[in-house]
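Visitor: Number 447 marks the last residue of the sequence shown (this note's numbering); no jumps. Heads up, the beta-carbon is just placed ideally off N, CA and C, and yes, glycines get one too. Mind looking over this structure? Questions follow.
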Amino acid sequence: MEDNEKLYFMAFSFLPGIGPQRFALLKKYFGSAQKAWEASESDLLKTGLSFSLVRQLVAFRQKANLPSLFLRLRENNQECQILADKKYPENLKKIDNPPFVLFFKGQIKPLDRRALAVVGSRQMSSYGFQITQKLVGELVKKKMTIVSGLARGIDTVAHQTALKMGGRTLAVLAGGLDKIYPPENQRLAQEISKGQGALISEYPPGFPLNKGHFPARNRLIAGLSLGVLVIEGTDKSGSLITARHAADQGKEVFAVPGPISSSLSQAPLLLIKQGAKVVQNVEDILEELFI
Numbered sequence: 157m158e159d160n161e162k163l164y165f166m167a168f169s170f171l172p173g174i175g176p177q178r179f180a181l182l183k184k185y186f187g188s189a190q191k192a193w194e195a196s197e198s199d200l201l202k203t204g205l206s207f208s209l210v211r212q213l214v215a216f217r218q219k220a221n222l223p224s225l226f227l228r229l230r231e232n233n234q235e236c237q238i239l240a241d242k243k244y245p246e247n248l249k250k251i252d253n254p255p256f257v258l259f260f261k262g263q264i265k266p267l268d269r270r271a272l273a274v275v276g277s278r279q280m281s282s283y284g285f286q287i288t289q290k291l292v293g294e295l296v297k298k299k300m301t302i303v304s305g306l307a308r309g310i311d312t313v314a315h316q317t318a319l320k321m322g323g324r325t326l327a328v329l330a331g332g333l334d335k336i337y338p339p340e341n342q343r344l345a346q347e348i349s350k351g352q353g354a355l356i357s358e359y360p361p362g363f364p365l366n367k368g369h370f371p372a373r374n375r376l377i378a379g380l381s382l383g384v385l386v387i388e389g390t391d392k393s394g395s396l397i398t399a400r401h402a403a404d405q406g407k408e409v410f411a412v413p414g415p416i417s418s419s420l421s422q423a424p425l426l427l428i429k430q431g432a433k434v435v436q437n438v439e440d441i442l443e444e445l446f447i
């Protein structure tokens, strides 16, 4: 697709009220992203968008400097792929309402289709730490890409282990790629983007981090993967959201059982009760994925 049309995809990504469904509606109604961007206020209202959202769109485009968007990407060594691009991740393309534009820093490769999401508690135990290192290390030896969310705890260990073992890892962020969170993972983010993977977000550069973005981030973590492995978490853990997205997407859900006396075993045990596959070794995962 021409860069000109891609530019308008990017422009819509800056509007908080325009997600995949609304963007698809606009593109279908007007025939292209550019025509939707240039549509009159009255025509935009005919699509069913609220008056306040239309006013927000009109106000934003009046002050937007579209050519500077690409420049901003290049200055930050970032790239973007839109849904129609051949390089858009295949696993993600198959889910309902995939992001219409994906921003990334680093490299997304065809071999990243062999991916497993590894998620869990931010306050992991020594058991969780050891199990994550063991399973991720063995998955990397089987040429699996590790997907996670760059959070503290299990996510961090999953990324670090993949890098240490010479494997590939994808980190999905809940804000713009220049908004690394937590801040202590700045160096880890740099290491990932330098050649053994990529930082990925559906939000453009400068887009602020918002707590409400984390469930959407978890949807992408599941979407990029063949399945989700949960290692530790309480019954309030965000990893349960990632697992639910995986199930909704028709992906496999795996869980590592832990001591029943530990609150960090609550999420895995709950998932196992709901039908998640019990993981005692890496073969339990590979056999289920037919790898």
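Roughly how many angstroms separate the alpha carbons of Met-157 and Ala-240, rounded to a whole number?
Guide: Sequence index remark: in the sequence shown, residue 157 carries index 1 (1-based). Sequence index remark: in the sequence shown, residue 240 carries index 84 (1-based). Unreliable placement is indicated for Met-157, whose pLDDT of 49 sits below 50; the coordinate value is still reported in the next sentence. About 7 angstroms.
Visitor: In three-state terms, what does DSSP make of Gly-379?
Guide: Position 223 of the sequence shown holds residue 379. Here Gly-379 sits in helix by DSSP.
Visitor: Just mark Gln-422 as buried or exposed, buried being the case when its beta carbon has 16 or more other beta carbons within 10 Å.
Guide: Numbered from 1 along the sequence shown, position 266 holds the residue referred to as residue 422. When all chains shown are included, Gln-422 counts as buried.
Visitor: For Gly-414, I'd like the list of residues in its chain whose CB is within less than 7 angstroms of its CB, leaving aside the five on either flank, ordered along the chain.
Guide: Against the sequence shown, residue 414 aligns to sequence position 258. So the list reads Tyr-283, Glu-388, Leu-420, Ser-421 and Pro-424, once near-sequence residues are dropped.
Visitor: Buried or exposed: which applies to Phe-446, given that a residue is buried once 16 or more other Cβ atoms fall within 10 Å of its Cβ?
Guide: As a position in the sequence shown, residue 446 is number 290, starting the count at 1. Looking at its Cβ environment, which holds fewer than 16 other Cβ atoms inside 10 Å, Phe-446 is exposed.
Visitor: Is Gly-276 helix, strand or coil by DSSP?
Guide: For the purposes of this step, residue 276 is taken as the residue at position 120 of the sequence shown. Note: Gly-276 maps to strand in three-state DSSP.
Visitor: Could you give the DSSP three-state label for Ile-336: helix, strand or coil?
Guide: Along the sequence shown, one-based indexing puts residue 336 at 180. Three-state result, Ile-336: coil.
Visitor: Do Phe-168 and Trp-193 count as a contact pair if the criterion is CB distance below 9 angstroms?
Guide: Counted from its first residue, the sequence shown places residue 193 at position 37. Counted from its first residue, the sequence shown places residue 168 at position 12. Cβ distance < 9 angstroms, so Trp-193 and Phe-168 count as in contact.
Visitor: Sort out for me which residues DSSP pairs Gly-305 with in a bridge.
Guide: Your numbering for residue 305 matches position 149 in the sequence shown. DSSP output for Gly-305 lists no bridge partner at all.
Visitor: Going by DSSP, which residues form a beta bridge with Gly-262?
Guide: As a working mapping, residue 262 is identified with position 106 in the sequence shown. Ala-354, per the DSSP bridge assignment.
Visitor: So is Pro-511 buried or exposed if we call it buried at 16+ other beta carbons inside 10 Å?
Guide: With the chain covering only 157 through 447, there is no way to say anything about residue 511.
Visitor: Which parts of the segment 375-447 are runs of the alpha helix (DSSP H), unbroken and 4 residues or longer, counting only runs that do not cross its ends?
Guide: Those alpha helix (DSSP H) runs which fall completely within the segment 375-447 and span 4+ residues are 395-404, 422-429 and 438-444.
Visitor: Leaving out five residues on either side along the sequence, give the residues of the same chain with a beta carbon under 7 angstroms from the beta carbon of Ser-188.
Guide: Reading the sequence shown from its first residue, position 32 is the one you call residue 188. If we look at Ser-188 and ignore the five residues flanking it on each side, its Cβ neighbours are Glu-161.
Visitor: Do Gly-309 and Arg-278 have their CB atoms nearer than 9 angstroms?
Guide: Taking the sequence shown and counting its residues from 1, the one referred to as residue 309 is at position 153. Taking the sequence shown and counting its residues from 1, the one referred to as residue 278 is at position 122. Cβ distance < 9 angstroms, so Gly-309 and Arg-278 count as in contact.
Visitor: For a test of the three-state rule: what should DSSP assign to Ala-271, helix, strand or coil?
Guide: Within the sequence shown, the letter at position 115 stands for residue 271. Note: Ala-271 maps to strand in three-state DSSP.
Visitor: Taking Ala-330 as part of the alpha helix (DSSP H), name the residues at either end of that continuous run.
Guide: Translated into positions along the sequence shown, residue 330 becomes position 174. From DSSP, Ala-330 is part of no alpha helix (DSSP H); its letter is neither H nor E.
Visitor: Determine, using beta carbons only, whether Asn-233 and Lys-202 come nearer to each other than 9 angstroms.
Guide: Mapped onto the sequence shown, residue 233 falls at position 77. Mapped onto the sequence shown, residue 202 falls at position 46. For Asn-233 and Lys-202, no; Cβs fall outside 9 angstroms.
Visitor: I want to know whether the segment 365-383 touches the segment 268-277 - three or more CB-CB distances under 8 angstroms.
Guide: In short, these stretches touch, since the Cβ pair count reaches three.
Visitor: Please return the same chain residues whose Cβ sits closer than 6 angstroms to the Cβ of Gly-362, not counting the five positions on each side in sequence.
Guide: As a working note, residue 362 is residue 206 in the sequence shown. Cβ within range, chain order: Gly-332.
Visitor: Out of Ile-356, Ala-307 and Ile-441, which has the shortest C-alpha to C-alpha gap to Lys-367?
Guide: Indexing the sequence shown from 1 puts residue 367 at position 211. The shortest Cα separation from Lys-367 among Ile-356, Ala-307 and Ile-441 belongs to Ala-307.
Visitor: Determine whether the beta carbon atoms of Pro-176 and Phe-259 lie at a separation below 9 angstroms.
Guide: Locating residue 176 in the sequence shown gives position 20, where the first residue counts as 1. Locating residue 259 in the sequence shown gives position 103, where the first residue counts as 1. Result no, Cβ atoms of Pro-176 and Phe-259 do not sit closer than 9 angstroms.
Visitor: Taking the Cβ atom as the reference point for each residue, do Leu-326 and Leu-380 lie within a distance shorter than 9 angstroms?
Guide: Taking the first residue of the sequence shown as 1, we reach residue 326 at position 170. Taking the first residue of the sequence shown as 1, we reach residue 380 at position 224. Yes, they are a contact pair.
Visitor: Rounded to whole angstroms, what is the Cα-Cα separation between Asp-440 and Tyr-164?
Guide: As a first step, residue 440 must be located in the sequence shown, where it is residue number 284. As a first step, residue 164 must be located in the sequence shown, where it is residue number 8. Straight-line Cα distance between these residues: approximately 44 angstroms.
Visitor: So, Thr-301 versus Ala-314, is the Cβ gap smaller than 9 angstroms?
Guide: Translated into positions along the sequence shown, residue 301 becomes position 145. Translated into positions along the sequence shown, residue 314 becomes position 158. Going by C-beta atoms, Thr-301 is not nearer than 9 angstroms to Ala-314.
Visitor: On the criterion of 16 or more Cβ atoms from any shown chain inside 10 Å, does Ala-432 qualify as buried, or is it exposed?
Guide: Taking the first residue of the sequence shown as position 1, residue 432 is located at position 276. Buried, since its Cβ has 16 or more Cβ neighbours within 10 Å.
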